[in-house]
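Protein chains in written order, with numbering that gives the first Met the number 0: chain E, 0 to 325; chain B, 0 to 217; chain C, 0 to 133.
For each residue, glycine too, the CB sits at the ideal point set by N, CA and C.
Data block below; observations after.
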Amino acid sequence: MIEILSQSASASIQDLGRFSAVRWGVGTAGAMDRLALLCGNILLGNADDAAGIEAQVFPFEVRFDTDLAFALTGADCAATLDGLPLLPWSSSRAQAGQVLRLGLPQAGRWRGARTYLAVAGGIDVPVVLGSRSTQLRGAIGGLDGRVLRQGDRLPVGPLPGTGIIAGVMPPGLALPLAADELPAVRVLPAAEHDAFTGGSLARFWAEPWKITPQSDRYGFRLAGPGLEPKAPLEVRSHGIVPGVIQVPHSGQPIVQMCDAQPSGGYPKVGTVIDADLWRLGQMPIGTRFRFIRVDWNKALAAREEVEGWLTEVRRVTALLRARRAA
Amino acid sequence: MTNAPAVSCLGTSALLFEAPGETTLANQQRIWALSREAANWPEIREAVPGVNNLLLSFNTPPRCLEPLETRLLGAWEEAIALPLDGRVIELPVVYGGEGGPHMADVVAHTGLSVEEIVAIHTAPIYPVYALGSHPGYCYLGGMDPRIATPRRKIPVIRIPGGAVSIGGSQTGVSASDGPSGWNTIGTTEVCFFDATRDPPVLLQPGDSITFRVVEIRK
Amino acid sequence: MMRPDDLTEVAAAMRSAGVGRLELKGPDFHLVLACGAGDAPVATEVALAQPDAEIVPVAAPGLGTFLRTHPLHDRPLAGDGEAVAAGQAIALLRIGALLTPVPAPANGLIVGALPEDGALVGYGDRLFDFLPQE
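Right, here's the structure in full:
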C-alpha cells in the first residue's frame with residue numbers, strides 16, 4: 000500500500016496508455032513521458048505496462064505502508080526518503096512508514112516537468128478497457144477515474160522479485176535533440192499542411208515556439224508566428240492521435256496531448272512523431288523549442304533509436320540481475 | 000472537398016483516409032464497410048470511423064507506406080455501402096428550461112419559435128455516423144438545416160452529460176460532463192457509455208437516434 | 000597536534016598556492032583540509048582519528064566507468080572530506096545505459112578517490128580511501 004499525503008490534485012495513475020477503445024470515443028491517456036515510466040518498470044522487473052503515478056505539481060509526498068522497491072524517473076525533483084536524498088532516474092528500497100518527498104523539478108543539465116513513481120508490482124487498480132490509465136472524461140481507469148487525493152491508499156500488485164537497485168542514464172542526455180541550441184521535436188506534415196501559406200509555413204518550421212501556461216495533459220497551446228490558411232478551411236470530424244498539431248482560427252497551434260479528445264475538426268499542420276512525444280511532455284511551461292520537419296524514413300529511424308536505447312537498458316538490467324543472482 | 004479520396008499520415012501512429020466529395024450518408028455507409036475490412040489487416044491496431052473518413056492506427060508503423068495506401072484505396076473502390084439496419088434508440092428529451100440554456104440563442108438565430116424548433120428537431124431519424132470526441136459520444140447525421148445555429152464564440156466550460164445541443168449544421172448529445180461550444184437546447188437521461196459492459200457503448204455506427212419530447216420548459 | 004591558529008595559516012597558504020586539498024597524517028591524527036573554489040578557505044572536516052583507526056578501501060562492485068557526479072548534477076555525490084552515511088551512494092559506475100551505485104561501506108568520511116572521473120574500472124579496483132567513523 001502507498002498512501003498519498005499531498006493535497007495537490009493533479010497526480011494520476013497512468014500506464015503506457017489505452018489504445019484499443021478509440022473507436023468508442025475513449026482517448027489514449029497514459030504517461031506523458033512513456034519512456035520514463037517504462038525505465039522505472041524495467042529497473043523494478045515489472046511488466047512494461049505496470050501502472051505508476053505521474054506527478055505534475057510539486058512538492059508531492061507519499062508514504063509507503065509496506066516495505067517496497069520503487070523507482071523515480073522523469074524530472075529530477077531532489078527527492079528524499081525520510082529526508083535522505085535519492086538519485087534521479089534510479090530505483091531504491093523503502094521500508095514501511097518511510098515518506099517519499101518529491102521537491103521542485105531541478106534546473107539541471109536536462110530539465111523535466113513530470114516525475115514518475117513506479118513501484119515493484121505496479122499500482123494494482125482494475126484494468127478497464129485494456130489499461131489502468133486514468134481517463135478523466137468518463138471517469139475511466141486509474142483510481143475511480145479521477146486524480147489522486149490526500150488520503151488515497153493505493154494497492155500494489157504481486158512483487159516480481161526481479162528488480163535491481165540501479166540508475167538509468169536519462170534519455171534527455173543519452174538521446175539529445177536540438178535545433179539551433181533549442182530543444183526540438185520531429186514532426187511529419189499532416190493533411191492540411193500545404194493549405195497554409197508558404198510564408199507562414201516557413202516560419203512554423205524555422206522559428207521557436209513557446210509553451211504557454213494554458214498547456215496541460217489535454218494539449219499544449221503554443222505562442223509564436225501565426226499560421227495562415229490560403230483559404231478558409233473546413234475539416235470534418237476525424238480520429239486523431241496524441242501529437243497532432245491543430246490550428247484553430249487564431250493561427251496559434253495546439254499540440255494535442257495524452258488527454259486530448261480522440262477526434263477533432265480543426266485543420267492539422269503536422270503531427271509530432273510518437274518517438275518524440277516524451278520530449279514534448281517533459282518540456283516545462285515557458286520552454287522555447289523548435290519543430291524539425293522529417294519524412295517517413297527519418298521518423299522510423301527516430302523510433303528505432305528509442306527502441307534501440309530501450310533494448311540496451313533491458314540488456315544491462317538483465318546482466319546486472321544475473322550477476323546479483325550469481 | 001476533393002474529387003478523389005485522400006490518404007495522409009498522422010505521424011507514424013496512423014493513416015487517415017478521407018472520402019471524396021460532399022459529406023453524405025452513402026459515403027458514410029461505405030466508410031463503415033471499409034472500416035470493417037481494414038480492421039482485420041495485420042498492420043492495423045484499430046479502425047476508427049469519423050465523419051466520411053477513417054483513422055487506421057498501427058500496431059507497428061510499416062517500413063513502407065505505399066503498399067498499404069494502395070490496398071486502402073483499392074478497398075475503398077470495392078467498398079459496398081453497409082445497410083443502415085442498426086437499432087433505433089429513442090431519447091426522451093426535456094427541451095428548454097435549465098437543461099436548455101441556449102434555446103433562446105437558437106430562437107434568435109433561426110427566427111423560429113421554441114415549439115417549431117422542437118418539432119423540427121424531433122422529426123428525423125438521425126443515423127450514428129461515428130463515435131468520437133468523448134466516450135460514447137455519437138456524431139449524428141440528418142439534422143434539418145432550418146435549425147442550424149453557429150457554434151458559440153465562447154465555449155461553456157462544463158455542460159453536463161445528457162446535454163442535447165446544436166453546433167452549426169449538426170446535432171449531438173453529450174455523453175458525460177465536459178466543455179462544449181455548441182448550443183444546448185435540452186437534456187436527456189440516457190446512459191451512453193458504461194466501461195463495464197461489452198461493448199461499452201449504447202450506440203454504434205449504423206444505429207440511429209430519434210428524439211422524443213417529454214416536456215418543453217420555458 | 001595542530002592548533003586552530005596553525006590550521007588557519009595552513010588554510011590561507013593553501014589558498015594562495017592554489018592547493019585544493021591537503022592531507023596530513025600523523026601517529027595519532029589524520030587531517031584533511033578541502034579548499035573550495037571562490038570564497039574563504041574552509042576546513043571542511045577535521046578528523047581526529049582514534050590511534051588505531053584505519054583508512055579502508057572502497058572497491059568497485061563491478062565493471063564500469065567511474066563517475067563521482069550524477070550526469071544530471073553539477074556537484075559530486077560526495078566530496079573529499081565529506082561525511083557520508085552507510086549505504087549512501089558516493090559514486091556511480093556507468094555500464095552502457097545503466098548507472099550502478101557505489102555505496103559507502105559505513106558511516107564515515109571520504110578521504111579521496113583514486114581513479115580519474117570517467118576512467119574505466121574493473122571489479123575490485125580501489126575506488127576510494129574511506130575513513131569509517133561512529
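*Which residues in chain C sit within 9 Å of E/R108, going by Cβ to Cβ distance?*
In the first sequence, the residue the question calls residue 108 of chain E occupies position 109. Per Cβ cutoff of 9 Å: P70, L71, H72 and D73.
*asked:* Does the distance between the C-beta of E/Q260 and the nearest non-hydrogen atom of the ligand NAD fall short of 7 Å?
replied: The ligand NAD is not part of the structure shown, which contains no ligands of any sort.
_Considering Cα atoms alone, identify which of E/N40, E/L71, E/V268 and E/I210 is closest to E/G121._
Here residue 121 of chain E refers to the residue found at position 122 of the first sequence. It is E/N40 whose Cα lies nearest to the Cα of E/G121.
_For E/F18, three-class secondary structure by DSSP_ = As a first step, residue 18 of chain E must be located in the first sequence, where it is residue number 19. DSSP places E/F18 in coil when its eight states are reduced to three.
*Give the C-beta separation of E/A93 and C/L98 to the nearest angstrom, bearing in mind that I take them to be a contact with Cβ-Cβ under 8 Å.*
For the purposes of this step, residue 93 of chain E is taken as the residue at position 94 of the first sequence. For the purposes of this step, residue 98 of chain C is taken as the residue at position 99 of the third sequence. In fact, because the Cβ distance is near 20 Å, the residues do not count as touching under 8 Å.
*For B/N26, name the three-state secondary structure that DSSP assigns.*
Counting from 1 along the second sequence, the entry for residue 26 of chain B is found at position 27. Correct three-state label for B/N26: helix.
_Please state the DSSP three-state secondary structure of B/R145._
The residue labelled residue 145 of chain B in the question sits at position 146 within the second sequence. Correct three-state label for B/R145: helix.
*asked:* What are the residues in the stretch 77-104 of chain C lying within 8 Å of chain E by C-beta distance?
replied: A84, Q87, A88, L91, R93, I94, G95, A96, L97, L98, T99 and P100
*Inter-stretch contact at 8 Å, needing at least 3 Cβ pairs: the stretch 169-176 of chain E / the stretch 13-29 of chain E*: no
_Cross-chain neighbours of B/C8 in chain E, by beta carbon under 8 Å_ = On the second sequence, position 9 is the one that residue 8 of chain B refers to. Residues of chain E passing the Cβ test: L187, A189, T270 and W295.
*Using DSSP with H/G/I as helix, E/B as strand and the rest coil, what is E/K297?*
In the first sequence, counting from the first residue as 1, residue 297 of chain E sits at position 298. Reduced to three states, the DSSP call for E/K297 is helix.
*Between which two residues does the alpha helix (DSSP H) carrying B/P66 extend?*
In the second sequence, residue 66 of chain B corresponds to position 67, counting from 1. Note, B/P66: alpha helix (DSSP H), E65 to E77.
*Count the other CB atoms within 10 Å of the CB of E/M0; is the residue buried (16 or more) or exposed (fewer)?*
The count along the first sequence starts at 1 and reaches residue 0 of chain E at position 1. Exposed, because fewer than 16 other Cβ atoms sit within 10 Å of the Cβ of E/M0.
*Three-pair Cβ contact test at 8 Å for the stretch 30-49 of chain E versus the stretch 79-86 of chain E*: no
_Which listed residue (E/D215, E/A54 and E/T161) has its alpha carbon closest to that of E/T114_ = Translated into positions along the first sequence, residue 114 of chain E becomes position 115. E/T114 has its Cα closest to that of E/A54, out of E/D215, E/A54 and E/T161.
_Once the 5 residues before and after B/D193 are set aside, which same chain residues still bring their CB inside 7 Å of it?_
Taking the second sequence and counting its residues from 1, one reaches residue 193 of chain B at position 194. Correct list, in chain order: P199.
_Can you give me the C-alpha to C-alpha distance between E/L116 and E/L318, rounded to a whole angstrom?_
Locating residue 116 of chain E in the first sequence gives position 117, counting from the first residue. Locating residue 318 of chain E in the first sequence gives position 319, counting from the first residue. So the alpha carbons of these two residues sit roughly 24 Å apart.
*asked:* Between C/G78 and C/I109, how many whole angstroms is the CB-CB distance? I'm expecting something under 8 Å.
replied: Position 79 of the third sequence, counting from 1, holds the residue named residue 78 of chain C. Position 110 of the third sequence, counting from 1, holds the residue named residue 109 of chain C. Contact holds; Cβ gap of about 7 Å.
*How about C/G61: is its C-beta nearer than 8 Å to some C-beta of chain E?*
Counting from 1 along the third sequence, the entry for residue 61 of chain C is found at position 62. Answer yes: the Cβ-Cβ gap between C/G61 and chain E drops below 8 Å somewhere.
*In chain B, which residues lie less than 8 Å from E/L299 when you measure between Cβ atoms?*
The residue labelled residue 299 of chain E in the question sits at position 300 within the first sequence. Here the neighbours are T11, P60 and R62.
_E/T316 (DSSP reduced to helix, strand or coil)_ = The residue labelled residue 316 of chain E in the question sits at position 317 within the first sequence. DSSP places E/T316 in helix when its eight states are reduced to three.
*asked:* Less than 8 Å between the C-beta atoms of C/F65 and C/L126, yes or no?
replied: As a first step, residue 65 of chain C must be located in the third sequence, where it is residue number 66. As a first step, residue 126 of chain C must be located in the third sequence, where it is residue number 127. For C/F65 and C/L126, yes; Cβs fall inside 8 Å.
*Nearest-angstrom Cα distance between C/P50 and C/E22?*
Here residue 50 of chain C is taken as the residue at index 51 of the third sequence, counted from 1. Here residue 22 of chain C is taken as the residue at index 23 of the third sequence, counted from 1. With a pLDDT of only 49 at C/P50, under the threshold of 50, the placement of this residue in the model should not be trusted; the figure read from the coordinates follows. Rounded to whole angstroms, C/P50 to C/E22 spans 17 Å at the Cα level.
*For a contact meaning CB atoms closer than 9 Å, what does E/M168 contact in chain C?*
Taking the first residue of the first sequence as 1, we reach residue 168 of chain E at position 169. Within chain C, the residues near E/M168 are P70, R93, G95, A96, L97 and L98.
*May I have the straight-line CA-CA distance separating E/S89 from E/R136, to the nearest angstrom?*
One-based indexing of the first sequence puts residue 89 of chain E at position 90. One-based indexing of the first sequence puts residue 136 of chain E at position 137. Taking the straight line joining both Cα atoms gives about 33 Å.
_For a test of the three-state rule: what should DSSP assign to E/G280, helix, strand or coil?_
Here residue 280 of chain E is taken as the residue at index 281 of the first sequence, counted from 1. Three-state DSSP puts E/G280 in a helix.
_Below 8 Å, how does it come out for the stretch 161-180 of chain B and the stretch 63-73 of chain B: are there three or more Cβ pairs, yes or no?_
no
*Going straight from the alpha carbon of B/W181 to that of B/P159, what length do you get?*
For the purposes of this step, residue 181 of chain B is taken as residue 182 along the second sequence, with counting starting at 1. For the purposes of this step, residue 159 of chain B is taken as residue 160 along the second sequence, with counting starting at 1. Each residue's alpha carbon lies about 12 Å from the other.
*Is the shortest distance between the beta-carbon of B/S207 and the beta-carbons of chain E less than 8 Å?*
For this step, residue 207 of chain B is matched to residue 208 along the second sequence. B/S207 does not count as touching chain E.
_Within a Cβ cutoff of 6 Å, which residues of the same chain sit near B/Y128, ignoring the five residues on either side of it in sequence?_
Along the second sequence, read from residue 1 onward, the residue named residue 128 of chain B stands at position 129. Closer than 6 Å at Cβ, skipping near neighbours: Q27, V50, Y138 and G140.
*Cβ neighbour criterion (16 or more within 10 Å) applied to B/L33*: Looking up residue 33 of chain B in the second sequence gives position 34. So B/L33 ends up on the buried side.
*Does the pairing of the stretch 262-273 of chain E with the stretch 243-254 of chain E give three or more beta-carbon distances under 8 Å?*
yes
*Looking at C-beta atoms only, is the number of pairs between the stretch 51-58 of chain B and the stretch 97-111 of chain B that lie closer than 8 Å three or more?*
no
*Alpha carbon to alpha carbon, what distance is there between E/I52 and E/D64?*
Locating residue 64 of chain E in the first sequence gives position 65, counting from the first residue. Locating residue 52 of chain E in the first sequence gives position 53, counting from the first residue. So the alpha carbons of these two residues sit roughly 16 Å apart.
*Looking at the C-beta of C/D51, does it have a partner C-beta in chain E at a distance below 8 Å?*
By one-based count along the third sequence, residue 51 of chain C stands at place 52. For C/D51, the pLDDT reaches just 49, beneath the cut-off of 50, and the residue's location in the model is therefore unreliable, although a value from the coordinates is still provided. With 8 Å as the cut-off, C/D51 does not count as an interface residue toward chain E.
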